[in-house]
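Enquirer: Below are the structure tokens for one structure; questions will follow.
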Amino acid sequence: MQTRSRFPEGFTALIQGASRGIGLGFVEALLAHQKTGRVIATCRNPSDSEGLSRLRAEHPERLICLPLDVEDEAAVAGLRDAASAEVDRLHLVINAAGVLHDGEGLFPEKKLDDLKLANLEKSFRVNAFGPLLVSRALAPLLTHREHAVLANISARVGSIGDNHLGGWYAYRGAKAAQNMFTRGVAVELGRRAKKLVCVALHPGTTDTGLSEPFQQRVPEHKLFPVSRTVEQLLAVIDTLGPEHSGRFFGWDGAEIPW
Ligand SMILES: NC(=O)c1ccc[n+]([C@@H]2O[C@H](COP(=O)([O-])OP(=O)(O)OC[C@H]3O[C@@H](n4cnc5c(N)ncnc54)[C@H](OP(=O)(O)O)[C@@H]3O)[C@@H](O)[C@H]2O)c1
1 MQTRSRFPEG FTALIQGASR GIGLGFVEAL LAHQKTGRVI ATCRNPSDSE
51 GLSRLRAEHP ERLICLPLDV EDEAAVAGLR DAASAEVDRL HLVINAAGVL
101 HDGEGLFPEK KLDDLKLANL EKSFRVNAFG PLLVSRALAP LLTHREHAVL
151 ANISARVGSI GDNHLGGWYA YRGAKAAQNM FTRGVAVELG RRAKKLVCVA
201 LHPGTTDTGL SEPFQQRVPE HKLFPVSRTV EQLLAVIDTL GPEHSGRFFG
251 WDGAEIPW
């Protein structure tokens with residue numbers, strides 16, 4: 001377990017997309033750490049998440065669960081007041097929600113003929129616009145004088161420079177857009193808050209529902225359990241200072257080309 005060294009004692013965190021997978025893993029790991037104060041977890045239906053219900057029973061004073069669908073613009077705007085009612089500032093915000101397939105027609109395209117506008121829109125709404133709107137809503141809580149990190153969970157396949165295989169248009173495009181938004185937010189908020197670090201992070205292939213249909217092609221040692229991914233990303237987050245803001249890092253701390 002890392003020390004979360006740059007954050008102050010009792011630091012506050014908000015994990016967006018916390019019902020399962022990597023987001024839930026962040027909530028669990030943060031609550032297990034003594035230095036963490038209150039943790040706000042958001043997802044569409046918190047009461048449907050067994051993981052959040054269990055953690056809420058274990059940490060009733062420290063864990064606050066709020067409903068949030070990032071496709072609902074008014075709801076995302078309302079997150080500012082809902083979070084402000086619980087904490088006066090945030091030190092760590094992780095935008096973890098993402099979608100690659102949804103069981104309703106969205107699935108990574110192999111070729112141009114597989115494209116559907118509705119799927120492109122869905123992917124961009126959740127993967128790209130969601131984290132951007134959440135950044136807008138939470139900016140006042142993140143722009144203070146203490147160390148703070150806004151980490152958007154991206155994906156290596158969103159790297160334009162690293163795209164040698166093609167396909168996966170909706171997901172790759174949305175993650176590339178998310179990366180551009182992360183950079184823009186880093187520039188804008190960095191003018192107001194000199195200690196704020198905004199980054200895109202690639203978690204590595206992680207054993208969740210999102211990667212499940214594609215795991216057979218992944219060597220066992222490259223498929224991380226959620227707990228390992230989360231510890232690796234928290235270790236990267238621990239190393240971040242303002243000089244890293246506006247950049248894209250992998251789970252091993254190595255920078256990824258845009
Ligand atoms: N797993 C991997 O191998 C991998 C690799 C690279 C990048 N990533 C990225 O890592 C992040 C986490 O992925 P994961 O593997 O943990 O996925 P996951 O297990 O499928 O979880 C996805 C999360 O996104 C939330 N979500 C989906 N649509 C939402 C919406 N409209 N509003 C609010 N929340 C919504 C889900 O909440 P609900 O319960 O409300 O559905 C869930 O909490 C994503 O950004 C993904 O792109 C994952």
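If you're matching positions, the sequence shown starts at 1 in my numbering and goes up one per residue.
All C-beta atoms, glycine included, are put in the ideal place defined by N, C-alpha and C.
1. Using a threshold of 8 Å, state whether the C-beta atoms of residue 243 and residue 29 are closer than that.
2. In three-state DSSP terms, what is residue 16?
3. Using three-state DSSP, classify residue 250 as helix, strand or coil.
4. Indicate the three-state DSSP secondary structure (helix, strand or coil) for residue 167 in the structure shown.
5. Is the beta carbon of residue 92 closer than 8 Å to that of residue 52?
6. Quick check: the Cα distance between residue 256 and residue 150, rounded to an integer number of angstroms?
7. Please look up how many angstroms separate the CB atoms of residue 138 and residue 233, rounded, as I've assumed it's under 8 Å.
8. Do you know whose CA, among 62, 67, 32 and 56, lies nearest residue 42's CA?
9. If you drop the 5 nearest sequence neighbours on each side, which residues of the same chain put their C-beta closer than 6 Å to that of residue 13?
10. Here's the rule: buried if 16 or more other CB atoms are within 10 angstroms of the residue's CB, otherwise exposed. What is residue 133?
11. Look up residue 199 in the DSSP assignment and say whether it is helix, strand or coil.
Expert: Reading it off the structure:
1. no
2. strand
3. strand
4. coil
5. no
6. 17 Å
7. About 19 Å separates the beta carbons of residue 138 and residue 233, which is beyond the 8 Å limit, so they are not a contact pair.
8. 67
9. 30, 39 and 92
10. Residue 133 comes out buried.
11. strand
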